[in-house]
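Residue numbers (the numbering used here), protein chains in the order written: chain A, 17 to 321; chain B, 17 to 321; chain C, 17 to 321; chain D, 17 to 321.
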């Protein structure tokens with residue numbers, strides 16, 4: 017199991033009543049597979065996983081696994097504060113058919129490199145599935161140390177990293193050190209920074225997990241393919257187009273950044289006819305009409321509508 | 017329901033196998049009631065709640081409610097990332113017999129004052145129990161705005177605040193503004209800063225929720241009573257003694273601050289014969305023998321052993 | 017030289033043309049001495065020292081020393097990034113007649129406890145004047161470690177601390193440890209948190225350096241005297257009145273916090289007839305008419321106008 | 017004046033007595049010109065400017081201007097807390113013959129976008145030299161907003177940016193927006209992130225200001241030239257080699273990051289025979305023998321020794 021290419025972190029569509037809209041979720045899976053996804057990442061940050069109950073999470077993984085039908089691997093996030101709670105999600109996800117788990121460092125509680133390593137080892141062992149580390153300091157407020165990650169890779173605990181730290185210097189050092197230790201074939205590095213995918217691929221990253229990829233999967237697939245074949249000028253142009261589209265995460269005002277970003281993705285998916293309802297989970301403020309108008313214009317500018 | 021006095025945030029004792037040690041938990045309740053607790057706060061940060069599964073949390077609340085036997089109110093923390101997940105804990109706690117719920121701002125996800133207010137309103141309405149806000153920026157990485165808190169108090173959503181922000185300037189402004197709006201009788205302010213309880217009470221706080229109070233409940237009860245009767249010099253002396261004892265949170269090394277602090281509290285409780293086992297939850301590193309030795313010395317110095 | 021009581025950090029009045037207004041500065045000194053100041057702190061953060069050239073700083077110290085006429089000691093801030101630059105200010109201040117220097121940790125550059133200690137030693141030795149450490153993390157972005165401070169006190173490098181960290185827990189630990197090491201007679205602790213002076217004095221601080229004290233020196237002198245004589249209820253009431261007045265630091269909008277706070281202090285001083293012009297230094301935005309109106313109302317509410 | 021290519025931020029060599037070592041500084045200029053520098057940046061962060069007095073700064077600029085002999089433009093940093101102080105340095109630098117000034121946002125004092133814009137306008141007007149903005153949040157603790165930068169570019173206040181923020185997402189958005197507003201020909205973007213120069217150039221940056229470029233100027237010139245001619249694979253390989261060499265900034269232990277980084281650069285320059293003495297400015301801890309050994313090994317590995 018070596019991950020590469022475009023791996024979208026799926027939004028989680030809701031019905032107006034706040035239940036998981038499995039029909040829309042299935043259409044989203046089709047949309048992403050049609051757009052060239054090499055794997056599907058359910059229950060990431062873009063999936064509002066922090067807002068989903070254990071029951072809803074199980075529904076999401078089962079639906080995505082079923083809709084994927086074995087065409088590509090399904091990754092499942094197991095986002096929670098600490099090991100015992102993450103383990104519960106891990107077992108649920110395994111039972112629901114996920115192929116790979118994705119876990120962050122502990123949060124709310126304090127962290128220490130050895131405790132973080134212990135955490136990943138327990139999650140890996142407890143669920144019996146390959147494990148990807150998810151580095152997302154804006155949400156968990158600590159950064160996964162490169163050293164720890166590569167040691168965990170060498171011992172077989174981790175098969176890769178989703179790097180949503182935005183820390184390109186640290187990414188460079190990790191990639192250089194991964195090469196020095198000869199771990200490239202066993203440890204995938206996927207960038208979660210949707211604005212700089214071309215740069216990450218140039219530096220040696222293996223793929224991309226981009227929330228905006230829900231909206232324009234073919235765009236990110238193109239960036240990946242152009243980079244893979246060394247057509248850097250075209251890769252940059254495509255990434256620049258996507259960077260302009262990314263403005264939809266700021267379509268909302270008077271709300272949290274999460275509400276605006278997820279609201280923007282979902283409004284776009286509804287305008288594109290992929291999902292039925294753009295509702296977000298409590299307590300996120302809903303995107304207003306004006307915000308939806310901004311999203312519509314950006315879709316038109318990007319050539320998607 | 018107006019909270020005041022010493023309200024200990026209970027540690028959660030584990031068996032060596034990692035299960036809730038309900039016998040030890042009952043003894044802890046007795047220890048705290050004997051020490052003068054005016055209410056009991058189960059499932060706070062000191063209770064390793066971030067490390068407990070939903071099932072374990074239910075066991076804790078049921079045990080504490082039963083052991084308290086109606087002598088004092090039982091507060092239950094409902095610590096989780098966002099509203100839908102907090103609501104599940106809230107309903108569980110209500111069913112287990114809690115009298116009051118204690119909820120933080122959303123975390124992991126983004127926050128906005130209006131979303132935070134919406135969050136507290138939904139938790140209050142969803143569980144039908146009085147609600148205390150828990151301001152703990154070191155864990156949730158946002159600060160509850162005083163303005164929002166007092167508006168929620170005025171409308172009946174919140175009955176009080178546990179302030180673990182360590183931001184004494186903000187506390188002063190909140191207390192002055194609480195008075196200006198005439199909300200003193202409906203909105204309790206409890207400090208969670210165990211080193212400055214005398215100062216908070218001087219400024220007008222109503223009580224204290226101190227993790228160290230697990231170890232020396234009588235000490236915190238004395239600080240409260242001395243402050244209440246205006247014996248400030250004696251209150252300060254007692255607080256100074258407790259401040260010296262607080263060094264036990266730094267007994268550990270090579271571990272997270274959480275591991276060292278909770279490990280210190282639990283080692284002390286075991287040395288005092290209150291609980292049977294000082295184990296902490298994964299992935300927290302256990303306090304070593306040297307650390308336990310430091311704790312023992314501090315207990316002796318504080319006159320507790 | 018042991019500092020205690022009310023030590024105001026003087027605002028620096030400007031002429032409309034941006035020069036030091038020495039006549040206004042002299043009147044400010046009189047106003048503060050009449051209000052009970054036990055020492056005068058020129059060139060602190062409230063003095064816009066970060067905005068003053070070396071020449072302007074010399075003018076300020078000379079003016080304050082002359083106006084004080086030996087009635088009380090004059091402290092001079094030597095705020096700059098690193099040791100060689102601080103030493104230049106230190107020599108200037110010594111030459112201009114200052115009695116005590118006040119220095120922060122290095123900033124802009126990185127910091128390390130041993131480098132910080134070395135910094136204070138060099139400043140102490142280079143200028144030959146008693147030295148007060150100035151802990152102000154919001155400006156210098158590091159916190160002075162209590163351990164380092166007390167070691168520097170024990171060896172004779174520091175005579176005290178101005179604590180503007182707002183970290184009351186750290187203050188408590190410092191005060192308890194100062195007592196344990198028997199350093200109370202050689203190391204003064206002055207709080208710079210104008211909202212919680214009563215609390216700091218209760219805990220054992222020796223005095224207060226409060227920017228708001230420019231506006232109401234008699235108020236802070238009263239808080240200090242009431243605390244000294246154990247009249248805590250009255251001390252709290254006076255502090256509460258000052259806390260309400262402190263809202264003037266938020267009179268401005270569309271500007272930095274510094275611009276609003278210093279603008280608020282200066283507008284108040286002009287309304288009280290102490291200084292001639294409320295101008296602040298570039299690039300701070302000037303307080304508008306609306307802001308000045310807010311300040312006026314607050315002065316009336318506080319009984320000062 | 018449009019900046020591009022490799023623009024090294026010169027280290028400032030000291031004599032063992034702490035004076036500016038002008039002979040070594042001249043040799044450093046020769047070393048950098050021989051290595052392909054397209055301009056020279058004196059008095060940046062790597063130049064320990066935060067540790068230099070006004071007199072020392074003048075000596076540095078005069079020496080670099082003289083040694084450059086008009087072959088390439090000389091940029092001079094004017095690093096200080098606020099406008100009036102920066103203006104003094106700006107006039108000094110202009111008088112000493114600098115061609116371009118480089119200024120950060122205000123620091124120590126609060127910041128607001130409009131005040132920051134005002135700051136740059138006053139510095140531009142006051143010294144009459146082209147002005148480059150220097151975005152370095154790790155030192156000044158605020159980030160220059162892209163919007164403000166581009167408005168200042170459009171009005172002629174700024175000719176470019178040195179981006180040492182490490183925030184590649186913000187860099188992408190700035191570059192995309194610069195293109196949208198048609199400002200590419202008047203606003204240069206230079207990256208200050210020495211580990212990701214290839215990535216920045218791919219995205220559209222015009223050049224690089226890399227502290228490590230003091231040590232290996234030819235390496236950075238190669239990265240730039242390879243990128244310019246579209247030889248991305250070779251550019252990445254060269255950048256990877258430099259990234260490995262960059263480990264010399266961590267050669268020190270028991271000291272600040274600044275001390276270790278600058279100490280590492282200077283130890284390398286001394287080992288390469290460019291400067292005579294590796295001393296750093298107070299209070300930075302000197303690199304020990306062990307650290308120098310690490311630097312030597314890294315130079316050998318990088319093929320420089």
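Cβ coordinates follow ideal geometry from the N, Cα and C atoms, glycine included.
Contact of residue 73 of chain D with chain C is not assigned, every C-beta pair being separated by 8 Å or more. For residue 136 of chain C, the uninterrupted alpha helix (DSSP H) segment begins and ends at 129-143. Residue 176 of chain D places its beta carbon less than 8 Å from that of residue 19 of chain D.
Between residue 52 of chain A and residue 22 of chain A, the C-beta spacing is below 8 Å.
In the DSSP assignment, residue 93 of chain D falls within the beta strand (DSSP E) that extends over 90-93. When DSSP assignments are scanned along the stretch 171-213 of chain D, the uninterrupted stretches of alpha helix (DSSP H) that are 4 or more residues long and fall wholly within it turn out to be 184-196. Apart from the 5 residues on each side of it in sequence, residue 153 of chain A sits with its Cβ closer than 7 Å to the Cβ of 159 and 181 in its chain, given in chain order. Residue 208 of chain A is outside the set of residues whose beta carbon lies under 8 Å from a beta carbon in chain B. When rounded, the separation of the alpha-carbon atoms in residue 91 of chain B and residue 302 of chain D is 55 Å. Put simply, the CB of residue 105 of chain A is far from chain B, with every gap to its CB atoms at 8 Å or more. With contacts defined by Cβ atoms closer than 8 Å, residue 235 of chain A and residue 254 of chain A form a contacting pair. For the options D:314, D:275 and D:190, the alpha carbon positioned closest to that of residue 304 of chain D is the one of D:275. DSSP places residue 30 of chain D in no beta strand (DSSP E); its state is neither H nor E. DSSP, read as helix, strand or coil, puts residue 57 of chain A in strand. The beta carbon of residue 226 of chain A sits closer than 6 Å to those of 210 and 236, all from its chain and outside the five residues before and after it, given in chain order.
If you draw a 10 Å sphere on the C-beta of residue 105 of chain D, you find 16 or more other C-beta atoms in it, and that means buried. Residue pairing by DSSP puts residue 22 of chain C in a beta bridge opposite C:224. The DSSP-derived three-state label of residue 250 of chain B is helix.
For residue 100 of chain D, the closest C-alpha among the options D:287, D:170, D:135 and D:298 is that of D:135. Within the same chain, 64, 275, 278, 279, 282 and 302 come within 7 Å of residue 296 of chain A by CB-CB distance, once the 5 residues on both sides are set aside. Collapsing the DSSP output to three states places residue 310 of chain A in a helix. Distance from the CA of residue 196 of chain D to the CA of residue 262 of chain A, rounded to the nearest whole angstrom, comes to 15 Å. Taking the Cα of residue 248 of chain A as reference, the smallest distance to any Cα among A:224, A:213, A:161 and A:233 is reached at A:213.
For residue 236 of chain C, the enclosing alpha helix (DSSP H) covers residues 233-244. When CB distances to chain D are screened at a threshold of 7 Å, the residues of the stretch 176-206 of chain A falling below it are 182, 183, 184, 185, 188, 189 and 192, in chain order. The beta carbon of residue 162 of chain B does not come within 8 Å of any beta carbon belonging to chain A, so the residue lies off that interface. The Cβ neighbour count for residue 198 of chain C, taken over all protein chains shown within 10 Å, is under 16; the residue is labelled exposed. At a cut-off of 8 Å between beta-carbon atoms, residue 212 of chain B makes contact with chain C. One thing to note: residue 131 of chain B has its Cβ no nearer than 8 Å to the Cβ of residue 269 of chain A. Annotated as distal: residue 285 of chain C and residue 68 of chain C, with beta-carbon spacing of 8 Å or more. Using a Cβ distance threshold of 8 Å, residue 125 of chain A and residue 98 of chain A count as a contacting pair. Annotation: residue 241 of chain A to residue 216 of chain A spans about 13 Å, alpha carbon to alpha carbon. Where residue 287 of chain B is concerned, the enclosing alpha helix (DSSP H) starts and stops at 273-287.
The Cβ of residue 252 of chain C sits closer than 8 Å to at least one Cβ of chain B.
With a cutoff of 8 Å on beta-carbon distance, residue 88 of chain B and residue 41 of chain B are scored as not near each other. Here residue 163 of chain A is exposed: its Cβ has fewer than 16 other Cβ atoms, across all protein chains shown, within 10 Å.
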